[in-house]
Amino acid sequence: MAETQVMTNSRLMAPAQRFVDIVRGLFAEGLEETVLWERVGEELRHLLADPDLQAHTKSWPDTKKGDGPPSNLLFYEDPDYGFVLNALVKSPGAVTNVHDHGKSWTLYGVLEGGEHIERYRRSDDNPTDTGPATLDSDGAFDVTPGYIDVVPPWQIHQEINGDHRTIGFIVRSQRSGTFRQFRYTPDTGDVTEYGGPTQIPFELA
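Residue numbers (the working numbering): 6 to 210.
Next up, the structure:
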């Protein structure tokens with residue numbers, strides 16, 4: 006598989022560049038992870054409301070259709086701290102597998118549309134990468150534009166889109182494909198490692 010082109014030197018539109026500069030400053034403070042990602046979420050809320058960013062989404066292609074494999078638009082990967090800016094653009098009716106994001110932190114901000122989120126927790130004693138996994142419900146909720154879902158490491162979840170396009174603007178602590186993450190089959194307890202969404206370099210300028 007070809008290595009993903011790293012978008013460290015990509016041009017960014019002004020509001021996205023401001024966001025990156027602020028996030029780099031937060032990383033430089035050496036904050037505890039929970040505090041860091043809470044602060045990043047506060048800044049992401051301002052970015053989601055920016056009309057220039059919202060207008061830019063008109064050029065973004067769908068990256069998740071039906072129950073097919075997901076891809077992410079990759080806008081930026083920080084050369085020093087490793088965080089990335091992504092987008093996941095779901096077509097109407099798109100459904101993800103039940104999955105986690107491994108050891109990474111993820112902020113999922115809704116730019117357009119909305120969807121239903123199901124969360125799960127494991128109640129078995131098997132190692133993280135080993136099945137069978139017993140999954141219990143850990144809550145369910147709907148998200149709409151402006152909502153930011155904070156997904157901590159190893160949070161198991163599923164996203165179910167409605168009959169409309171949904172765009173998630175994503176900040177990850179590191180690029181998918183650089184860490185281990187897993188899919189789960191609730192009916193059988195199967196746990197399968199996978200490489201995460203395919204990364205598609207895309208200019209946010």
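Backbone N, C-alpha and C define an ideal beta-carbon position, used for all residues, glycine too.
All of these numbers come straight from a predicted model, not from anything done at the bench.
field: Under the three-state DSSP convention, the category Gln179 falls into
entry: coil
message: Once DSSP output is grouped into helix, strand and coil, what is the label at Glu47?
response: helix
message: Taking only three categories from DSSP, how would you classify Asp130?
response: coil
query: Mind checking whether Gln204 and Leu79 have CB atoms under 8 angstroms apart?
result: yes
field: 7 angstroms CB neighbourhood of Glu164 in its chain, flanking five on each side removed
entry: Thr101, Glu120, Ile122
field: Nearest-angstrom Cα separation, counted from Leu52 out to Thr62
entry: 13 angstroms
field: Residue interval of the alpha helix (DSSP H) (run including Pro158)
entry: Per DSSP, Pro158 belongs to no alpha helix (DSSP H) and is neither H nor E.
Coil, strand or helix - Ala33 by DSSP: helix
field: Same chain, Cβ closer than 7 angstroms to Val196, five either side skipped, listed in chain order
entry: Asp134, Thr135, Gly136, Ala138, Phe187, Tyr189
message: Just to check my reading of the structure: Ile161 and Arg126 have Cβ atoms closer than 8 angstroms, yes? What is that Cβ distance to the nearest angstrom?
response: 7 angstroms
- request: Below 8 angstroms on the Cβ atoms is my guess for Pro215 versus Ser76; work out the distance and round it to an integer in Å.
  value: No answer is possible for residue 215: the residues shown for the chain start at 6 and end at 210.
Tyr81 versus Gly182, Arg177, Ile153, residue with shortest Cα-Cα distance: Arg177
query: Around the Cβ of Glu8, are there at least 16 other Cβ atoms within 10 angstroms (buried) or fewer (exposed)?
result: With a pLDDT of only 40 at Glu8, under 50, the local geometry of the prediction cannot be trusted, and the value read off the model is given with reservation. Exposed, since its Cβ has fewer than 16 Cβ neighbours within 10 Å.
- request: Reducing DSSP to helix, strand and coil, say where Asn77 ends up.
  value: strand
Reference Gly30, options Ile172, Gly71, Tyr86, closest by Cα: Tyr86
query: Can you tell me where the alpha helix (DSSP H) with Ala215 in it begins and where it stops?
result: Because the chain here runs from 6 to 210, residue 215 falls outside it and cannot be looked at.
Best match in Gly98, Leu116, Pro74 for proximity to His104 [C-alpha to C-alpha]: Pro74
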